[in-house]
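Everything in the sequence shown is counted per our numbering, starting at -2 for the first residue and increasing by one.
Step one of this worksheet: look at the structure below.
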Amino acid sequence: MRTVRFGVIGCGLMGREFASAAARWCHLLHTEARPEIVAVSNRRSPAFDWFRQHFPAIGQYAQDYRDLLANAAVEAVYVAVPHHFHQEVCCAAIQAGKHVMAEKPVGIDLAAHLAIAECAAQHPGIFVRCASQFMFFPAVQRIAALLERRAFGRVLEVNAGFLHTSDLDPNKPINWKRIVEFNGQYGVLGDLGMHVCAVPFRAGWEPRNVRAVLSNIVPQRPDGHGAQVPCDTWDNATLLCEGCDPATGESFPMTFKMQRIAPGEKNTWYLEILGTRTSVRFSTRDPKRLELLEYAGGEPVWGQVQTGYETAFQTVSGAIFEFGFSDAILQMWAAFLHELVTGQPPARFAGCVTLDEVTRSHHLFTAALASHANQSVEPVCQDRA
Ligand SMILES: NC(=O)c1ccc[n+]([C@@H]2O[C@H](COP(=O)([O-])OP(=O)(O)OC[C@H]3O[C@@H](n4cnc5c(N)ncnc54)[C@H](O)[C@@H]3O)[C@@H](O)[C@H]2O)c1
C-alpha cells in the first residue's frame, strides 16, 4: 500500500477530523494508499497541542503555511482554513506541486474560486478535490445505485438541503463564519451549499435558473467580551431552481435549502428525489432510514429500508452496524486517496467533489445573491472549470 505524506493547513475543527480519520485508517480494508500526516500549519500555536499529544510522528509545526509548502516531504495538503484564505493557500499549494483536498467553498467568492480553478488548470499533474462527505452515507450510496440504473423514470422534483439549529440562540458568540470579511458575501450558501449540491450535480442535473430568498435573521451577536457586534452574513437561504437533466432534456423543480437557523435541526442533510417510477427520501436526522417508493402500477406505497454499514470503500465494520459523520469523513478520504493514486474513482458516486462541480456551485450561489438583491429569477451560468 502506498503512503501519501500529508500536510494539514488549518488545525481547527476539520483539520482534526482528518487527523482522526488518518489515525484509524486500519478501519478500511483493501485500500490502495494511506495518508501519513508529517506536517501541520496553524496561525496560532495552541492548536498544535492536540496534534503533539496524539501524533508524535509529525515532524513540522509551522505557523506560516509557506514553510509547510516548502517541505519536500509533503506530497499533498488538506486546506482547512477560513474562506478568505482559500485562494491564497490553495493557489500556493498547487504552485508548490502539492496535491490538494480543499475545504468548501474552495474560494470565498466566484472570482477567488475561478482563480483557484485556473491555477489548477495550469498544473494538470496536481490532483485537486473538494471535501464533502454526505455522498458516502450508505443510504446515499443506495440512491446512487438507483441513479446509475436510471430507476427514477421521469424526474418530477428534487429537494436537497442542509439545516442547522445552533444559530437560533441570539446569545451565541460570533465567530468567523458569521462575518462577511472572513466568510464571504455568500454567508450560509458558502458554508453549507456545496454539500447540498454535491449529489444533484453528480447526477448530472443542472440548475438553469434560480429564485432565491435569503435572510439575515440575527443581525448582531455578542463578541464574547461583553459587546454586541454586527453579524452580517446570510443565515438562511432557500433556492428554487428550474432543474434540467441534459441526458433527457427534461426539466423539473429543484429546491436547495441551506439554513443555519432551522429550529430543531442539529446537522440535518437531506435529499428527496421524486420520479414516475421510483422516489426516495433520506435525511441524516435518521441516518439508517431510506424511504423508498417503487411504482409499478396500483397504489403507490412508501416503504422504509434500514441501511447498515454498506459503504463504497469496505471496512472492518459488519454490514448491519450503524454509520455516522466520522465514518463519512473516513470514506471521503478513502475516495480522495484512491483517486489520487489510481487516477479514477471506483464508481461515479465514490469520488470526491470535483473542481468542475465546485465551479457550478459558485455560479449558482452568485446567481442566488443577484436573485435575492433584484427579487428576480436569474439565469445560472453553465460554464465549467
Ligand atoms: N466538510 C465539513 O463538513 C465542514 C465542516 C466545517 C467546516 N468546514 C470547512 O472547513 C474549513 C475550516 O473550517 P473549520 O470549521 O475547521 O474552522 P476552524 O475555525 O475550526 O479552523 C480553522 C483553523 O485555521 C487556522 N488558520 C486561519 N488562517 C490560517 C492560515 N493562514 N494558515 C494556517 N492556519 C490558519 C485557524 O487558526 C484555525 O485553527 C472551512 O472552509 C469550512 O467551510 C467543512
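For glycine and all other residues, C-beta sits at the position ideal for the given N, C-alpha and C.
This structure is a prediction, so every number in the text was calculated from the model and none was measured.
- Per the DSSP secondary-structure output, Q92 pairs with nothing in a beta bridge.
- Contact check for R13 against W47 passes: the beta carbons are separated by less than 8 Å.
- With fewer than 16 other Cβ atoms inside 10 Å of its own Cβ, D220 counts as exposed.
- Collapsing the DSSP output to three states places D61 in coil.
- Note on the region 105 to 169: whole alpha helix (DSSP H) runs with a minimum of 4 residues are 107 to 118, 135 to 145, in chain order.
- By the Cβ-count criterion, D164 is buried, with 16 or more other Cβ atoms from all chains shown falling within 10 Å of its own Cβ.
- Annotation: I214 to D232 spans about 6 Å, alpha carbon to alpha carbon.
- Between the alpha carbons of S42 and A54 lies a gap of roughly 18 Å.
- Across the set V74, Q256, V298, the C-alpha of V298 shows the shortest separation from the C-alpha of T275.
- For the pair T245 and R147, the Cα-to-Cα distance works out to about 11 Å.
- Comparing alpha-carbon positions, the option among A117, A90, H83, I176 lying closest to Q217 turns out to be I176.
- When distances are taken from the beta-carbon of I34 to the heavy atoms of ligand 1, even the shortest one reaches 7 Å or more.
- In the structure shown, R345 falls within a helical segment according to DSSP collapsed to helix, strand and coil.
- Cβ-Cβ separation between G181 and I113: approximately 14 Å, too far for a contact (criterion under 8 Å).
- If you draw a straight line from the Cα of Q256 to the Cα of D229, it comes to about 15 Å.
- Contact between the region 249 to 267 and the region 290 to 305 is absent: fewer than three C-beta pairs spanning the two stretches fall below 8 Å.
- The alpha-carbon separation between R345 and R199 amounts to approximately 8 Å.
- When the beta-carbon positions are compared, A99 and L66 stay at least 8 Å from each other.
- Distance from the C-beta of I6 to the nearest heavy atom of ligand 1 is below 7 Å.
- Between ligand 1 and the CB of M98, the shortest heavy atom gap is not smaller than 7 Å.
- By the CB criterion at 8 Å, R2 and V35 fall inside the cutoff.
- Just measuring C-alpha positions, the residue of L160, C8, A347, Q138 sitting nearest W330 is A347.
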